[in-house]
Amino acid sequence: METILLEGRGDLTEWREAARSLLLARTEPRTIDWRCRNGAADDLFAPAAEVPETAVATAAIASTVTVPKAFLSLAQAVICHSDPLRFQLLYRVLFRLQEERTLLEVLSNADVAQLNAMEKSVRRDCHKMTAFVRFKEINAEEGPARRRFLAWFEPDHHIVARVAPFFQRRFTDMDWIIATPKGTAAWDGEVLTISTQPAENPMLTDQTDTLWRTYFSNIFNPARLKVKMMMTEMPKKYWKNLPEAELIPGLIAGAEASVIAMAERAASEAPLFHQRLQAIAQAEPEIVRPPAGTLEELREEARHCTRCALHCSATQTVFGEGPQDAEIMIVGEQPGDQEDLAGRPFVGPAGAVFNAVAEEVGLERQSTYVTNAVKHFKYEPHGKRRIHQKPNVGEVQHCKWWLTRELALVKPKLVVAMGSTALMALTDSRQRLTDLRGEMLQLGAGQSLLVTVHPAYLLRIPDEGRKHEEMARFRSDIARAAAFGRRAMSDVRLEQQNAGNG
Ligand code: URA
């Protein structure tokens, strides 16, 4: 009996290399003892032989092995299964496939049925991971560079590498780590790193736990409750890592009473933004539009913007405002809930911070052009609330079309980028805001760029001492902008005087 020792952490390559050599040597499956360093059949004293010498020698001279495509894709899933017998089973089927080319089609065959069952179990585990990973924000107080998240998940199988690309696609614009007892995946915006080393539960909680609970209790419909189906969809073994799961017993127990209460309640008013959306949907479409030679024309054009999907759910375009001859342009991220309803930038809580600081340091908002990198509100509905979502790179790029035209028409001498989204939109670079913050940079010919934090970031800092510090830095950044504006104004006056004298 030959022993093959594998790591067995979901990597097909090591098994495939060994299996290919064994197959070329026509090694009978029953003569191989497949062992796994981390599986139940693990044996610390097993010889560390990888592939038997005889097999390697024969492999060098034998012809190649052909493997049906269907087997390969099955093997890619089954190798992630945590059952240590998977290697043996895979090799047995591969061996038989050399003679019985249609074996995989015989679903009643015990080996084929077992392979299919294992593949299904891995697929289900992958699906559950995509549904039940709950990210918690880490180091939020460190500043407004890319936000960082950590999640803990306990899969049944070695699926981290298999599922990680899903999270990479879905959460490409944030840094994240998914730690599991079967390995870790990490994304930093550029590189997806997979480690097969078991991690430990970091036992994190944050305010998103409350959001999950609010969300879950809002989508829970007692009138459609089917406990058995719910348990299949959200098996109990996942509950301990799901913040919302603690609500389930109470929601089930109170379901009947809730249905009666729902039936007795009068229909509620739709939120205000629904009415606005309805009105926009019913408005006559405008066909002829003037070319955008002025800000007003550009604003009118932007009202009909459909360059990205954000226009579908926002109430309206929130275009920049301020005089066309402003010396200073302030660029934020995107309108928030209140801006979306009002149709004006910076009128909500972040706007209040900006206005207060601007007034304190003598920056006149009326003579400043204030706009955003993205002109539509991006949010996720949570019940009747709309929770702000950071725009992604694609949305910022689409909306840059408008920002570029605003810059061309206003021609400000100084542009202030408030936050990393504005910085990215204005410079097309992924430079960290913390590296450029407070710097006076060159943006275009005769145009400077000052980089500072977004006022909403100041509102989120939980520690009072740090908040105070950061607020002071923000004030000094805006004071610099104000001083720049005053200098520019006196230059203009001087020029006008000289022209008058000349
Ligand atoms: N945040 C922004 O970036 N812009 C606004 O208009 C409001 C909040």
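Numbered according to this note's numbering, the sequence shown spans residues 120 to 621.
Cβ atoms here follow ideal geometry from the backbone N, Cα and C, with glycine treated the same way.
Predicted, not measured: the structure shown is a model, and the values here were computed from it.
Item to complete: Could you tell me the distance, in whole angstroms, from the CA atom of CYS424 to the CA atom of ALA283?
Response: Counting only the Cα atoms, ALA283 lies some 35 Å from CYS424.
Worksheet item: What three-state label does DSSP hand VAL572 in the structure shown?
Response: The DSSP-derived three-state label of VAL572 is coil.
Practice prompt. Ignoring anything shorter than 4 residues or poking outside the segment 455 to 514, list the alpha helix (DSSP H) runs there in chain order.
Written response: If you keep only unbroken alpha helix (DSSP H) runs of at least 4 residues inside the segment 455 to 514, you get 456 to 461, 468 to 480.
Worksheet item: Should VAL197 and GLU136 be called a contact, given that it needs their Cβ atoms to be closer than 8 Å?
Response: In this structure, VAL197 lies away from GLU136, with their beta-carbon atoms at least 8 Å apart.
Practice prompt. Classify LEU191 as buried or exposed, calling it buried when 16 or more other Cβ atoms lie within 10 Å of its own Cβ.
Written response: With fewer than 16 Cβ atoms within 10 Å of its Cβ, LEU191 is classed as exposed.
Worksheet item: With respect to the alpha helix (DSSP H) encompassing VAL535, which residues constitute its N-terminal and C-terminal limits?
Response: DSSP places VAL535 outside any alpha helix (DSSP H); the residue lies instead in the beta strand (DSSP E), whose first and last residues are 533 to 537.
Worksheet item: From which residue to which residue does the alpha helix (DSSP H) around LYS255 run?
Response: Here LYS255 belongs to no alpha helix (DSSP H); instead the beta strand (DSSP E) covers 255 to 257.
Worksheet item: Hey, out of LEU396, ILE506, ARG220, whose CA is closest to ALA189's CA?
Response: ALA189 has its Cα closest to that of ARG220, out of LEU396, ILE506, ARG220.
Worksheet item: Ends of the beta strand (DSSP E) at ASP152?
Response: It spans 151 to 155 - the beta strand (DSSP E) in which ASP152 sits, taken as one unbroken run.
Fill in: Beta-carbon contacts of ARG612 that lie in its chain and below 6 Å, excluding the five residues immediately before and after
Around ARG612, the same chain offers no residue with a beta carbon nearer than 6 Å, after the five sequence neighbours per side are excluded.
Worksheet item: Of all residues in the structure, which have a C-beta closer than 5 Å to any heavy atom of ligand 1, taken in chain order?
Response: Counting only beta-carbon distances shorter than 5 Å to the non-hydrogen atoms of ligand 1, the qualifying residues in chain order are GLY451, GLU452, PRO454, GLY455, GLU458, PRO464, PHE465, ALA469, ASN491.
Discussion item. Please classify MET559 as buried or exposed, where buried requires at least 16 neighbouring CB atoms within 10 angstroms.
Written reply: Taking all protein chains in view, the Cβ of MET559 is surrounded by fewer than 16 other Cβ atoms within 10 Å, so the residue is classified as exposed.
Discussion item. On the CB-based measure, 16 or more other CB atoms within 10 Å of its CB, does MET120 come out buried or exposed?
Written reply: Answer is exposed; the Cβ neighbour count stays below 16.
Practice prompt. Taking the CB atoms as reference points, tell me whether PRO274 and THR315 lie closer together than 8 Å.
Written response: Not a contact, by the Cβ cut-off of 8 Å.
Worksheet item: Looking at the unbroken beta strand (DSSP E) that takes in LEU142, where does it start and where does it end?
Response: Taken as a continuous stretch (DSSP letters only), LEU142 belongs to no beta strand (DSSP E), being part of the alpha helix (DSSP H) at 131 to 143.
Fill in: Which listed residue (THR324, ILE597, ILE297, ASP325) has its alpha carbon closest to that of ILE312
One detail in the question is off: residue 312 reads as Thr in this sequence, not Ile. Ranking the options by Cα distance to THR312, first place goes to ILE297.
Item to complete: Hey, could you find the ends of the alpha helix (DSSP H) THR249 is sitting in?
Response: Counting along the chain, the alpha helix (DSSP H) containing THR249 begins and ends at 229 to 251.
Discussion item. Spatial neighbours of LEU482 within its chain, please: C-beta separation below 7 Å, excluding the five flanking residues on both sides.
Written reply: The beta carbon of LEU482 is closer than 7 Å to those of ILE597, ALA600, ALA601, GLY604 in its chain, skipping five residues each way along the sequence.
Item to complete: Give the secondary structure of MET120 by DSSP, where H, G and I count as helix, E and B as strand, and everything else as coil.
Response: DSSP places MET120 in coil when its eight states are reduced to three.
Fill in: The beta strand (DSSP E) enclosing PHE268, as first and last residue numbers
In the DSSP assignment, PHE268 falls within the unbroken beta strand (DSSP E) covering 267 to 271.
Worksheet item: Who are the Cβ neighbours of THR333 in its own chain at under 7 Å, not counting the five residues just before and after it?
Response: Taken in chain order, the residues that qualify are HIS501, GLY502.
Practice prompt. For ALA598, name the three-state secondary structure that DSSP assigns.
Written response: DSSP places ALA598 in helix when its eight states are reduced to three.
Item to complete: Measure the alpha-carbon distance for ARG594 versus ALA280 and round it to whole angstroms.
Response: If I take the Cα positions, the gap works out to 46 Å.
Practice prompt. Figure out for me which residue from ALA386, SER201, VAL378 has the closest Cα to the Cα of ASN340.
Written response: The shortest Cα separation from ASN340 among ALA386, SER201, VAL378 belongs to VAL378.
Fill in: Residue burial classification, GLY127 (beta-carbon count within 10 angstroms, cutoff 16)
That one is buried.
Worksheet item: What separation, rounded to the nearest whole angstrom, lies between the Cα atoms of ASP152 and VAL186?
Response: Distance between the alpha carbons of ASP152 and VAL186: 22 Å.
Discussion item. Per the DSSP calculation, ILE296 is bridged to which residue(s)?
Written reply: ILE296 pairs with LEU269, ALA305.
Item to complete: Pull up the distance between the alpha-carbon of GLY557 and that of LEU569, whole angstroms please.
Response: GLY557 and LEU569 have their C-alpha atoms spaced approximately 6 Å apart.
Fill in: Beta-bridge pairing of ILE449 - partner residues as DSSP gives them
DSSP lists VAL489, VAL535 as the bridge partner or partners of ILE449.
Practice prompt. Please say whether ASN491 and ASP678 have beta carbons closer to each other than 8 Å?
Written response: Because the chain in this structure spans residues 120 to 621, residue 678 falls outside the shown range and cannot be described.
Practice prompt. For GLN566, write down the residues that DSSP places opposite it in a beta bridge.
Written response: According to DSSP, which records beta bridges pairwise, GLN566 is partnered with GLY563.
Worksheet item: Cα-Cα, which of SER539, SER201, ARG266 is closest to GLY451?
Response: Nearest to GLY451 by C-alpha distance, out of SER539, SER201, ARG266, is SER539.
Fill in: Simplified DSSP assignment, three categories, for THR312
Note: THR312 maps to strand in three-state DSSP.
Worksheet item: Can you tell which of CYS245, GLU388, TYR210 has its C-alpha closest to the C-alpha of HIS276?
Response: Nearest C-alpha to HIS276: CYS245.
Discussion item. Using 8 Å as the threshold, is the C-beta distance between GLN561 and VAL534 below it?
Written reply: For GLN561 and VAL534, no; Cβs fall outside 8 Å.
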